[in-house]
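Let me begin by presenting the structure, written as structure tokens, before commenting on it.
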Amino acid sequence: MIRDLHDQGLGLMSPGRLRRVASDRLAVKLRLSRQTRFLRNHRGAILSLDVDGLSGRFVLAASSPSTIRIHDLQKPDSEILPPQFHGNRIAPTAFELFHECVCCVQWYPGSVKIITSSGKDGSLRMWDVCKRVVCCEVKPVRENRLTQHHQSPASKIPLVAVASPSAGIPILDLRFGKSPMRLKNTLGPVTYVQWSPTDEHTIASAAESVVLLWDVRVPSKPLLRMDMSNSRTPATTSTSHMGLVNCLEFSLDGRTLISYGTDNAIRMWDTQSGVLSDVNCGSVDNYVRVSVRMALNRGRRMFVPSRHHIRVFDLDTGERVHNLKGHMSDVYCVRYNPHFEMLHSGGRDRNIINWTMQNYKKVCTKAAEDSD
Amino acid sequence: MSKRHHEPGAENSNEADEPLIKIPKSLSSCKTLEALISIGKDFPILRFSNKIPAVVMIHQVYDLVPSRTIVDREMNSLRSNGVICVFQLGIDLQSRAVILAEDMLKTANVCYPGNKTVAKYLGKIIPLGLIEIEKTRLESIVSKTEAKELMHFGYLVLKDAKTYSLSFPNAGNFIRAFTKGRKTVLALIKKGKYNQVLERELLGRPLEKTVVLGTKYQIHDVVGADLAQSFDTTSGRMLKISQNGVKVLKK
Chain A
15 MIRDLHDQGL GLMSPGRLRR VASDRLAVKL RLSRQTRFLR NHRGAILSLD
65 VDGLSGRFVL AASSPSTIRI HDLQKPDSEI LPPQFHGNRI APTAFELFHE
115 CVCCVQWYPG SVKIITSSGK DGSLRMWDVC KRVVCCEVKP VRENRLTQHH
165 QSPASKIPLV AVASPSAGIP ILDLRFGKSP MRLKNTLGPV TYVQWSPTDE
215 HTIASAAESV VLLWDVRVPS KPLLRMDMSN SRTPATTSTS HMGLVNCLEF
265 SLDGRTLISY GTDNAIRMWD TQSGVLSDVN CGSVDNYVRV SVRMALNRGR
315 RMFVPSRHHI RVFDLDTGER VHNLKGHMSD VYCVRYNPHF EMLHSGGRDR
365 NIINWTMQNY KKVCTKAAED SD
Chain B
393 MSKRHHEPGA ENSNEADEPL IKIPKSLSSC KTLEALISIG KDFPILRFSN
443 KIPAVVMIHQ VYDLVPSRTI VDREMNSLRS NGVICVFQLG IDLQSRAVIL
493 AEDMLKTANV CYPGNKTVAK YLGKIIPLGL IEIEKTRLES IVSKTEAKEL
543 MHFGYLVLKD AKTYSLSFPN AGNFIRAFTK GRKTVLALIK KGKYNQVLER
593 ELLGRPLEKT VVLGTKYQIH DVVGADLAQS FDTTSGRMLK ISQNGVKVLK
643 K
């Protein structure tokens, strides 16, 4: 580390590279955080987590069946008020929002005031966090439930793609609350959608065992179909995984798409050509049938939830560099907080665990007490 | 290692249809190749009367070389240089068998000495580096009678209506011995306390009747295919059965 700082001072290493190298080193030293512990007060499994992109201070959590909560990292042990009843319905408490059968939540990119949530009731809601009120509610798909949604981080227009069991991916414009287009020929019920972090037009979708890459401007057919066998002319039955695809994640430069499936495989695809890269991560236990969320740090490390562990892999070699054990049941979502170089994970055991390298012990000496 | 390979190369250099057995300099310090040769040394060729060459499964090499990506990349370059032949035997959807090219030639000379069809297969079809070949493409290289002969010898196996998969003779005997040995080793690991057993203990047991290919060979297979986990202890390596291993035993 000191050598890297020295190299940066001499101009041999760029600041960006120093940050990536430091981030990678920290990834191996992550431990359960002693300082920031959210009290165990969620009533159901944590289905979705998100960290706000602006300050990294607020962690948004969606727990089963219908609760959305926002945790403040600066006041981690603050008590959540108990729910109050008004007639038949439970009123939302401080910091808590109510969305029936919520599945997925996301902060509005670049904002700490707006969040979007989607649920099995078929609605996508946009909330104003300060007033704790729904600004906009859309039902993009007529009868069906929504399994996941993702808002484009790179686009200037607030476009949200929604995954649902009906064929087609509606792309919603949050300004008007309508869907100007729908991606067709998705080859089955869609389980996951993910926008590229760098390109405002690229979106990836996972339907059963096939991963497709789309250009939003051409909604009639996908750009690329990811084929496991890397053949030049993929057959109509070629798939990307031999099981269900649980998770898709783009690398930070948008050039690699990582897919994780129930065939215990992590596959990395090149977004330009659709070629499967030869990086072999080995067999990663994955039997969960819901969509999970993996995380990538600023460098070359990948955090993948596997049963009740979180495996840390190197993106270039596929080597497993670390294993985070702390959850007592299946882990459903993992989010990396680049502002504090922390990892947040949530799962079926109703806990949100924070992992950090900086664990300071409170030292209280008698001399200090006397002088006070 | 390079000496061993250049000797047979020098002898067979007169034959025109032979693929390159000489290893290029870039691969002379290849970890994967060293691992392949060391696992191949344990293969009991005499038990099969020299009719099956030393077969190594790719996932066995994952046990010896720590980085799987490096193994995959080196395998691809060895295959493109004609040093090894890769086959898909149908044990698993993902497992591949590797045989050194010179071992293929040696067993061909033992099983079918001087046969022109076999020589044509080894000289023209194997260097293509494919696992399976379409009927139309095959018929452009060999005639229909030659294709039938190759199927009869065991070099081609009908996969579906339009494709053949490449193979080696007596592959069936190998597969039978392999799956039986795998199940026996996994059952022994599961039987141990906490579903784990020391590698040293397992190697000490006399298992030649059921584990024909050798206990050490099967241990490499079971660990490399993630059917058992291995971790180091003060008494040596410990093998513990994994969820995938339990599934294999139940089948």
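Residue numbers (the working numbering), protein chains in the order written: chain A, 15 to 386; chain B, 393 to 643.
All residues carry an ideal CB built from backbone N, CA and C; glycine is no exception.
Predicted, not measured: the structure shown is a model, and the values here were computed from it.
1) So what's Gln286(A) in DSSP terms, helix, strand or just coil?
2) Indicate whether Leu266(A) and Pro211(A) have their beta-carbon atoms separated by less than 8 Å.
3) Using beta carbons (cut-off 8 Å, strictly below), is Val293(A) in contact with chain B?
4) Nearest-angstrom Cα distance between Asp464(B) and Leu470(B)?
5) Counting only the same chain and skipping the five closest in sequence on each side, list residues whose C-beta sits under 7 Å from that of Arg231(A).
6) Which residues bound the beta strand (DSSP E) around Gly360(A)?
7) According to DSSP, which residues form a beta bridge with Val143(A)?
8) If you drop the 5 nearest sequence neighbours on each side, which residues of the same chain put their C-beta closer than 6 Å to that of Ala427(B)?
9) For His398(B) and Ala218(A), I'd like the C-alpha separation in whole angstroms.
10) When you compare each of Arg48(A), Leu61(A), Leu87(A), Asn158(A) to Val116(A) by their alpha carbons, which one comes out closest?
11) According to a CB-to-CB cut-off of less than 9 Å, which residues of the segment 325–356 of chain A neighbour chain B?
12) Is Asp299(A) close to chain B, meaning its C-beta is less than 8 Å from at least one C-beta of that chain?
13) Below 7 Å CB to CB, which residues in the same chain sit around Arg71(A) once its five sequence neighbours on both sides are set aside?
14) To be precise: take each residue of the segment 225–244 of chain A, compare its Cβ to all Cβ atoms of chain B, and keep it if any distance is under 9 Å. Which residues remain?
15) Can you tell which of Met256(A), Arg269(A), Leu63(A) has the C-alpha that lies nearest to the C-alpha of His164(A)?
16) Inspect the beta-carbon positions of Ile82(A) and His56(A) and report whether they are closer than 8 Å.
17) Helix, strand or coil for Glu426(B), going by three-state DSSP, please let me know.
18) If I measure Cβ to Cβ from Cys149(A) and keep anything under 7 Å in the same chain, skipping five residues before and after, which residues do I get?
19) Any idea what DSSP makes of Gly133(A), helix, strand or coil?
20) Within 8 Å (strictly less), CB to CB, does Ser557(B) reach chain A?
21) Could you tell me the boundaries of the alpha helix (DSSP H) in which Val453(B) lies?
22) For the alpha helix (DSSP H) containing Ala446(B), name the first residue and the last one.
23) Go through the segment 192–247 of chain A residue by residue and report every complete run of the beta strand (DSSP E) that reaches 3 residues or more, in order.
24) How close, in whole Å, do the beta carbons of Glu480(B) and Ser557(B) come, if the pair is a contact with beta carbons under 8 Å?
25) What's the call for Tyr301(A), buried or exposed, on a 16-neighbour Cβ count within 10 Å?
26) Between Gly313(A) and chain B, is there a C-beta pair that is closer than 8 Å?
27) Hey, His336(A) and Leu46(A): beta-carbon distance below 8 Å or not?
28) Give me the residue from Thr626(B), Val604(B), Val603(B), Leu578(B) with the minimum Cα distance to Asp618(B).
29) Under 8 Å: do the segment 569–585 of chain B and the segment 607–614 of chain B share three or more Cβ pairs, one atom per stretch?
30) For chain B, is any of its Cβ atoms less than 8 Å away from the one on Ser296(A)?
31) Is it true that the CB of Lys582(B) sits closer than 8 Å to the CB of Leu641(B)?
32) Check the DSSP bridge columns for Asn158(A) and list the partner residues they point to.
33) Can you find a C-beta in chain B that's less than 8 Å from the C-beta of Met256(A)?
34) Quick one: using the 10 Å Cβ neighbour count with 16 as the cut-off for buried, is Gln208(A) buried or exposed?
35) Note down the Cα distance separating Thr276(A) from Lys134(A), rounded to an integer number of angstroms.
36) For the alpha helix (DSSP H) that contains Met27(A), what are its first and last residues?
Taking the definition as stated:
1) Along the first sequence, read from residue 1 onward, the residue named residue 286(A) stands at position 272. If DSSP states are grouped into helix, strand and coil, Gln286(A) belongs with coil.
2) Along the first sequence, one-based indexing puts residue 266(A) at 252. Along the first sequence, one-based indexing puts residue 211(A) at 197. A contact, by the Cβ cut-off of 8 Å.
3) On the first sequence, position 279 is the one that residue 293(A) refers to. So, interface residue.
4) By 1-based counting over the second sequence, the position of residue 464(B) is 72. By 1-based counting over the second sequence, the position of residue 470(B) is 78. Taking C-alpha positions only, Asp464(B) is separated from Leu470(B) by approximately 10 Å.
5) Working through the first sequence from its first residue, we reach residue 231(A) at position 217. Only His215 meet the Cβ criterion.
6) What you label residue 360(A) is simply residue 346 of the first sequence in a count that begins at 1. Counting along the chain, the beta strand (DSSP E) containing Gly360(A) begins and ends at 356–361.
7) For this step, residue 143(A) is matched to residue 129 along the first sequence. Per DSSP, Val143(A) has no beta bridge partner at all.
8) The sequence position of residue 427(B) within the second sequence is 35, counting from 1. Taken in chain order, the residues that qualify are Val453, Leu456, Val457.
9) Within the second sequence, residue 398(B) is the residue found at index 6, counting from 1. Within the first sequence, residue 218(A) is the residue found at index 204, counting from 1. The pLDDT assigned to His398(B) is 41, lower than 50, so where the model puts this residue is not dependable; a value taken from the coordinates is nonetheless given after this. Their Cα atoms are separated by approximately 50 Å.
10) Stepping through the first sequence from its first residue, residue 116(A) is reached at position 102. That would be Leu61(A), whose Cα lies nearest to the Cα of Val116(A).
11) Asp330, Thr331, Gly332, Glu333
12) Stepping through the first sequence from its first residue, residue 299(A) is reached at position 285. With 8 Å as the cut-off, Asp299(A) counts as an interface residue toward chain B.
13) If you number the first sequence from 1, residue 71(A) lands on position 57. A distance below 7 Å between beta-carbons, with the five flanking residues on each side excluded, links Arg71(A) to the following residues of its chain, in chain order: Asp86, Leu87, Gln88.
14) none
15) For the purposes of this step, residue 164(A) is identified with residue 150 of the first sequence, where counting begins at 1. Taking each of Met256(A), Arg269(A), Leu63(A) in turn and checking the Cα distance to His164(A), the smallest one comes out for Leu63(A).
16) Within the first sequence, residue 82(A) is the residue found at index 68, counting from 1. Within the first sequence, residue 56(A) is the residue found at index 42, counting from 1. The answer is no: Cβ separation not under 8 Å.
17) For this step, residue 426(B) is matched to residue 34 along the second sequence. Of the three classes helix, strand and coil, the one that applies to Glu426(B) here is helix, per DSSP.
18) Stepping through the first sequence from its first residue, residue 149(A) is reached at position 135. Met140, Trp141, Asp142.
19) Counting from one through the first sequence, the residue named residue 133(A) turns up at place 119. Correct three-state label for Gly133(A): strand.
20) Locating residue 557(B) in the second sequence gives position 165, counting from the first residue. Chain A, which has no Cβ nearer than 8 Å to the Cβ of Ser557(B), makes this no.
21) Working through the second sequence from its first residue, we reach residue 453(B) at position 61. Counting along the chain, the alpha helix (DSSP H) containing Val453(B) begins and ends at 450–456.
22) As a working mapping, residue 446(B) is identified with position 54 in the second sequence. Premise fails: Ala446(B) is in no alpha helix (DSSP H) and is neither H nor E.
23) 192–197, 204–209, 216–221, 224–229
24) In the second sequence, the residue the question calls residue 480(B) occupies position 88. In the second sequence, the residue the question calls residue 557(B) occupies position 165. A small correction: the amino acid at residue 480(B) is Gln; Glu does not occupy that position in the sequence shown. Sure, about 6 Å apart at Cβ, within 8 Å.
25) Looking up residue 301(A) in the first sequence gives position 287. With fewer than 16 Cβ atoms within 10 Å of its Cβ, Tyr301(A) is classed as exposed.
26) Reading the first sequence from its first residue, position 299 is the one you call residue 313(A). False, the Cβ-Cβ gap to chain B never drops below 8 Å.
27) Indexing the first sequence from 1 puts residue 336(A) at position 322. Indexing the first sequence from 1 puts residue 46(A) at position 32. No. Outside cutoff.
28) Here residue 618(B) is taken as the residue at index 226 of the second sequence, counted from 1. For Asp618(B), the nearest C-alpha among the options comes from Leu578(B).
29) yes
30) On the first sequence, residue 296(A) is found 282 positions in, with the first residue counted as 1. Looking at the sequence provided, one finds Gly at residue 296(A) rather than Ser. Output row for Gly296(A): interface = yes.
31) Within the second sequence, residue 641(B) is the residue found at index 249, counting from 1. Within the second sequence, residue 582(B) is the residue found at index 190, counting from 1. Yes, these two residues count as a Cβ contact at 8 Å.
32) Position 144 of the first sequence, counted from the first residue, corresponds to residue 158(A). DSSP, once it has assigned bridges, lists no residue as partnering Asn158(A).
33) Locating residue 256(A) in the first sequence gives position 242, where the first residue counts as 1. So yes, Met256(A) belongs to the interface.
34) Position 194 of the first sequence, counted from the first residue, corresponds to residue 208(A). It counts as buried.
35) Along the first sequence, one-based indexing puts residue 276(A) at 262. Along the first sequence, one-based indexing puts residue 134(A) at 120. Rounded to the nearest angstrom, the two C-alpha atoms are 22 Å apart.
36) Looking up residue 27(A) in the first sequence gives position 13. From DSSP, Met27(A) is part of no alpha helix (DSSP H); its letter is neither H nor E.
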